[in-house]
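Working notes, structure below.
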Amino acid sequence: MALGKSYSLRKSDERTGIIFILPAFILLVVFVFIPMSKAFYYSLHDYMLVSGSKSFVGLKNYSALLQDAKFVNSIKHTFYFAVIVIPVQTAIALGLALLIKPQHRYTGFFRTAFFVPVVISTAVAGTVFKLIYNKDYGLLNALLSAVGVPKISLLSNPDIAMNGVIILGIWKAVGFFMIIYLAGLNNIPQDLYESARVDGATKIKQFVYITLPLLKRTTAFIIIITTIDAIKLSGLVFVLTSGGPNSSTETIVYFIFQTAFEQMQMGYASAAAFILFFMILIISVVQMFSLRSKVNY
Amino acid sequence: MLRIIHFLGMTIIAVVCLLPIIWMILGSMRSYQELIQNAGHLSLNTLVPVEWTLKNFTDVIFDDQHPFLRYVFNTLFVAATVTLLVLLINSLAAFAFAKLSFRGSAAIFVLFMSALIIPGEVMLVPNYMLVNNLGWLNSFKALIIPSTLSVFGIFMLKQFFEEIPTEILESARLDGASWLQIYRAIVLPASVPALITLGIITFLGNWDGYLWPLVVINDDKLQLIQVAIANFTSISGTEWTKVLAANTIATVPILILFLILQRYYVQGITMSGVKG
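Here the protein sequences line up with chains A and B, keeping their order.
Going by numbering that gives the first Met the number 0, the residue at position 197 of the first sequence is 196; the numbering climbs one at a time, nothing skipped.
Going by numbering that gives the first Met the number 0, the residue at position 117 of the second sequence is 116; the numbering climbs one at a time, nothing skipped.
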C-alpha cells in the first residue's frame, strides 16, 4: 500500500516536472536553439532581406568578412577597447573594494555612491557623457581648463575617440565588479591576516601573499566576464559616437547591426555574428583554462 | 591621519561617480542660455543653477512630437510584464530542476545552461527574422515574449530552492498537497529575497534595453524610453537642458527604486560572482 502510493507519487512527480519546465523549454527552443541554427543556415547564404533573394554560397561570407577592411577594423577597435578596459577596470574595481572593505559609519554611503553609475541606463549615460565631452560647453573641459590643461575634443578626433568610450565604459561598469571583489574579500578568513600580523608581515606583504592569491578565483571570474562584455561592446558606442568619427569607434556588434539593419544583408551579418560567437567562445575557454589552473586552495 | 586620507580618497572617487548624474539633474533645472554662459570656466554656477526652473520638464512632458510620459509608461509596462513572467516561468522550471525527479532532468538542465554562453547580440539577426515572420514587429509581443526566458534566473533560483529541506515538501506531499500547491504555499514564500533579486535584475535590464526595441519597434507611439532618449538627443542636439530633463525623467524613478532595493540587487551580483 505504502509502496503503491509512493510509486504513483513518483510517477506524478515525473509529469509535474515536465509540465513545470515546459514553458521555459519552449522558449529555449523557439528563441535560442532555432534562431541559432537558422543564423548558421543564413550565414551560408547570400540573403538580402528586402528582395528576399537567397542563394547558397558556402563559406564565402566568412572568407569575404576576413578580407573586409571594415570588419577587420571593427575587430581592431573592439580589441583596443578590451585590452585597455580589462586590466584598468579590474585594477580599479579591486582598489575600490579594498577602500570600502573596512567597516566605518560612512562605508555604506560610499559603496552606494560607487555603485550608482551601474544602474544608470546605457542611453542616459551615453547622452550625458556626449554633452560632458563637448569641446566648448562640456563639464570635462571646464574641469580640465581649471587645472590648466588645454581643451580637448574627445569625440571628434578619430585617434582618441575610443578613449572617450573607454572612460564612459569604466565609469559605468567598475562598481559592478567592485561588489564582486568585495564579496571575494569578505570570503578570506580574517585569522590569516591576524597570524600574518603576529609574524610581523607589513600591509603590503599581506596584500601580495594573502589577499591577491586568495582572490585568484574572483579575479578569473571578473576577467572572463569583462572580456565577454568588452567584445560585445555596442550600446555605449551607438549612443555616444554612432561609430564615428570616421568609423573609428565601430565595434563588431556595431558592424553586425549596420550590415543587418541598414544594408539588410542578413547572411553576411549572420556570418559576422558567428565569428563573434566563436571569438567569445574560444577566448573564454582559453581564459578559463589558463586562469583556473593557477587556482589552488 | 591615515583615516582622513582614506576618507578624502573615497570622497574624491564618489564625486567622480556622482558628478555626471548631479550635473544632469541640476542642468535640467535651468535655462539653456544660463547653462551655456556658465559652462566655459569652472565656478559654482557651472553646476548649480542661478535661477531654478521646471520649464524644461513641462516642455519635454507636453511635447506632442515626443511624448516622454508615454515612453516611460510603455517601458514600465514592458519591463513589469517581462519581470512577472520571468519570475513565474523560470521559478517553475528552477523548482522542477531543484526538487522534482524526472527522467532526463540533468541533461535538460545542461541544455539550458549551454544557452548561457550564447550572447544575445549573436541572436539579434535570427530573432529579428523570427519576430518578423510571426508578424510581431511593432508590437509589445516582440519586446515581451522573447525576453521571458532567463537562464541565469533558473540557475540562481535552483541554487536557492535546493536549500529548502526536502522533508518539508515531502510531508506536505504525503498530506495530499499537489506540487503546484507546495510551490505556491511553501517554496515561493520561502524564496522572497531570491525572487526580489531576480525581479530587480530583470526589471533594470529591461528598463535599460536599447538594441532590441530599436530593431523591432518603428512606431513612435510604442517606442521605449532608451531609444526615445537616444533619438531625442540626436534630433534636438542643441537644446541641452531639454535633453537633460528627458534623461532625468528616465533616471530618477530607477534611481529611487534602486536605492530602496539595493540590498537585493547587490546580493544578486554577489551570488553570481561567488558561485561562478
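Backbone N, C-alpha and C define an ideal beta-carbon position, used for all residues, glycine too.
*Just how far apart, CA to CA, sit R104 of chain A and I4 of chain B?*
16 Å
*Output, in chain order, the set of chain A residues within a Cβ distance shorter than 7 Å of L148 of chain B.*
A23, L26, L27 and F30
*Can you tell me where the beta strand (DSSP E) with Y46 of chain A in it begins and where it stops?*
H44 to Y46
*chain A beta carbons: is any one of them nearer than 9 Å to that of F6 of chain B?*
yes
*Take T57 of chain B as the anchor and find which of B:V49, B:E50, B:G208 and B:F67 has the nearest alpha-carbon.*
B:F67
*Say whether chain D places a C-beta atom closer than 9 Å to the C-beta of W51 of chain B.*
Chain labels in this structure do not include chain D; the protein chains are A and B.
*Just tell me which of A:M47, A:P86, A:I119 and A:K53 has its CA closest to the CA of S208 of chain B.*
Inspection of the sequence shows that residue 208 of chain B is occupied by Gly rather than by Ser. Nearest option by C-alpha distance: A:I119.
*Beta carbon of V109 of chain B: closer than 8 Å to some heavy atom of the ligand MN?*
The ligand MN is absent from the structure shown, which contains no ligands of any kind.
*asked:* Suppose you measure from the CA of I222 of chain A to the CA of G267 of chain B; what does that come to, to the nearest Å?
replied: 19 Å
_S194 of chain A in three-state terms, based on DSSP_ = helix
*Hey, out of B:T52, B:F96 and B:Y70, whose CA is closest to L110 of chain B's CA?*
B:F96
*Hey, could you find the ends of the alpha helix (DSSP H) S134 of chain A is sitting in?*
According to the sequence shown, residue 134 of chain A is Lys rather than Ser. It is not in any alpha helix (DSSP H) - K134 of chain A carries neither H nor E in the DSSP assignment.
*Which residues in chain A sit within 7 Å of L197 of chain B, going by Cβ to Cβ distance?*
Chain A residues near L197 of chain B: none, gap ~13 Å exceeds 7 Å.
*Interface residues of the stretch 184–205 of chain A facing chain B [CB-CB below 8 Å]*: N186
_Which residues of the stretch 235–246 of chain A have a Cβ closer than 9 Å to any Cβ of chain B? Give them in chain order._
F237, V238 and S241
*Along chain A, in chain order, which residues have C-beta atoms closer than 7 Å to that of D207 of chain B?*
S120 and T121
*Can you name the start and end residues of the beta strand (DSSP E) that F55 of chain A belongs to?*
K53 to F55
_Assumed close pair L232 of chain A, G183 of chain A - CB separation to whole angstroms, cut-off 8 Å_ = About 25 Å separates the two Cβ atoms, so there is no contact after all.
*In terms of alpha-carbon separation, which member of A:Y61, A:L139 and A:S54 lies closest to L167 of chain A?*
A:L139
*Cβ contact check for the stretch 50–67 of chain A and the stretch 142–158 of chain B: 3 or more pairs under 8 Å*: no
*alpha helix (DSSP H) containing G204 of chain B: first to last residue?*
V191 to W206
*Positions along the stretch 68–95 of chain B whose CB lies within less than 7 Å of some CB in chain A*: I88, N89, L91, A92, F94 and A95
_Same chain, Cβ closer than 7 Å to A38 of chain B, five either side skipped, listed in chain order_ = T45
*Give the secondary structure of Q205 of chain A by DSSP, where H, G and I count as helix, E and B as strand, and everything else as coil.*
helix
*Alpha carbon to alpha carbon, how far is V115 of chain A from S27 of chain B? Give it in angstroms, no decimals.*
19 Å
*asked:* Taking its Cβ as the centre, do 16 or more other Cβ atoms sit within 10 Å of T147 of chain B, making it buried, or is it exposed?
replied: buried
*For Y296 of chain A, does the three-state DSSP call read helix, strand or coil?*
Interpretation of Y296 of chain A is limited by its pLDDT of 44, a score under 50 that renders its predicted location unreliable; the figure taken from the coordinates is listed afterwards. If DSSP states are grouped into helix, strand and coil, Y296 of chain A belongs with coil.
*Specify, as a first and last residue, the run of the alpha helix (DSSP H) that A90 of chain A falls within.*
A68 to I99
*Mind pulling the chain B residues with CB within less than 9 Å of L154 of chain A?*
None at all; the shortest Cβ gap to chain B is about 13 Å.
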